[in-house]
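Those protein sequence lines, which keep their order, are chains A and B.
With our numbering, the residue at position 63 of the first sequence is 1189, and numbering never jumps.
With our numbering, the residue at position 114 of the second sequence is 267, and numbering never jumps.
Here a beta-carbon is modelled for each residue, glycine too, at the ideal position from N, C-alpha and C.
These numbers come from a predicted model, not from an experiment.
Encoded as structure tokens, the structure appears first; notes follow it.
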Amino acid sequence: MHIIDDRVDILGGNRKIAEENREMFDSFGVKAVNIMGAIGSGKTILIEEVVARIGKDVKIASLAGDVISDMDARRISKTGIPVVGINTGKECHLDAHMVQHALEKMDISKVDLLLIENVGNLVCPADFDLGTHSSIVVVSASEGDDIVEKHPMIFMISDVCIINKIDIASAVGADVEKMERDAVRINPKIKVFKTSFKTGAGVQAVMDWFKNLLGR
Amino acid sequence: MHELWVANALLEAVLEKGKGLKKIEEVHVSVGCLAMVNLEQIEFGFKMLSKGTPAEDAKIFLKPAEAKLRCSEGHETNEMIECLDFSHLLPIIRCRICGGVAQIIEGKEILLTKIVGE
């Protein structure tokens, strides 16, 4: 009979690889951002807008996570930036290991800003550090104005919250101010942007945040 | 939601720590009460994934662990919050002493603590 007493951190394996990713980004001077959010909230259009508005001055690349398709990767590649798609298969989130593998297919030395689009999910991505410098969570008015308070963990660990589709808030009966109050109540340090990527409302402020992250 | 990922990571850790053992009989795991995972699903996932390994027939002991909370006033409390039954605390986790917003210091960890085998 052997008894092995030890404390092995099961989630620690991911954290260790996340640290390796972060060191790699730092060594190449890359700023990496984890873009999480609900399905259909506007994660992909955020990447398209960042490329369209600041892509002339900043070398941008993207990793696009999806469960089984490469639709987001193909959509982003139309903007002209390098994209690697990550199919998570059965998994509901990206983890640091998947990101590390995907980076093998990309020349990171030519990148200033890496935008990682996570799987559309407000639960699981909150538990998996990818090694990025900042985390954004995107939600939209069409998901209902209780979407923030129902998923507190992801707002606790995010630096930025984007509340999108504010142009249709009244049509779907969503109180955008309540969504903002919930986000700040859950995480007093979170920076909230209220946007409509369709009309352009509030989008410039998001771009200014990205420029600030890049020190420009 | 990602219990299968946790079960797989747990199995890898068990096989690594129990290297050289022909048969792993017991696996003890401490699960922070704010890890937000379903214990039955982890056990089920482990049983499925461990087939054909020395851990195949292992008994799994998943023990919930207390969370440590600290509020902005500096109060520290230990709380055992029933997994998947903490909605009264949310969306903000509040300090039991002053009612202020509390940060989670511990309570999201999943630790393999002991393996018994031959």
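With fewer than 16 other Cβ atoms from the protein chains shown falling within 10 Å of its own Cβ, Met1127 of chain A counts as exposed. When CB distances to chain B are screened at a threshold of 8 Å, the residues of the stretch 1207-1228 of chain A falling below it are Lys1216, Glu1217, Cys1218, His1219 and Asp1221, in chain order. A straight line joining the alpha-carbon of Lys216 of chain B with that of Leu264 of chain B spans about 10 Å.
Annotation: Cβ neighbours of Val1134 of chain A in chain B (cutoff 7 Å, chain order): Ala166, Lys170, Leu264 and Leu265. Lys170 of chain B is positioned such that its CB atom lies closer than 8 Å to that of Ile1130 of chain A. Scanning the stretch 1209-1243 of chain A from its first residue to its last, the whole beta strand (DSSP E) runs of 3-plus residues come out as 1209-1213 and 1239-1243. Under the criterion of beta carbons closer than 8 Å, Leu174 of chain B and Phe199 of chain B do not qualify as touching, at roughly 16 Å. For the pair Ala1297 of chain A and Leu1240 of chain A, the CB atoms are not nearer than the 8 Å cut-off. In chain A, no part has a C-beta under 9 Å from the C-beta of Met201 of chain B; the shortest such distance is about 12 Å.
At a cut-off of 4 residues, the continuous stretches assigned as alpha helix (DSSP H) that sit fully inside the stretch 155-243 of chain B are 156-170 and 192-202. With a minimum length of 3 residues, the unbroken runs of beta strand (DSSP E) contained wholly in the stretch 1249-1291 of chain A fall at 1260-1266 and 1286-1290.
For Ile1129 of chain A, the residues of chain B that pass the 8 Å Cβ criterion are Lys267, Ile268 and Val269, in the order they occur in the chain. For the stretch 1160-1175 of chain A, the set of positions with a beta-carbon nearer than 7 Å to some beta-carbon of chain B is empty.
At a cut-off of 8 Å between beta-carbon atoms, Met1232 of chain A makes no contact with chain B. Per DSSP, reduced to three states, the secondary structure at Asn1313 of chain A is coil, with no helix or strand assignment. Where Val1176 of chain A is concerned, the enclosing alpha helix (DSSP H) starts and stops at Lys1169 to Ile1180. Contact between the stretch 1275-1291 of chain A and the stretch 210-228 of chain B is absent: fewer than 3 CB-CB pairs across the two stretches fall below 8 Å. Here Ala1178 of chain A is exposed, its C-beta having fewer than 16 other C-beta atoms within 10 Å.
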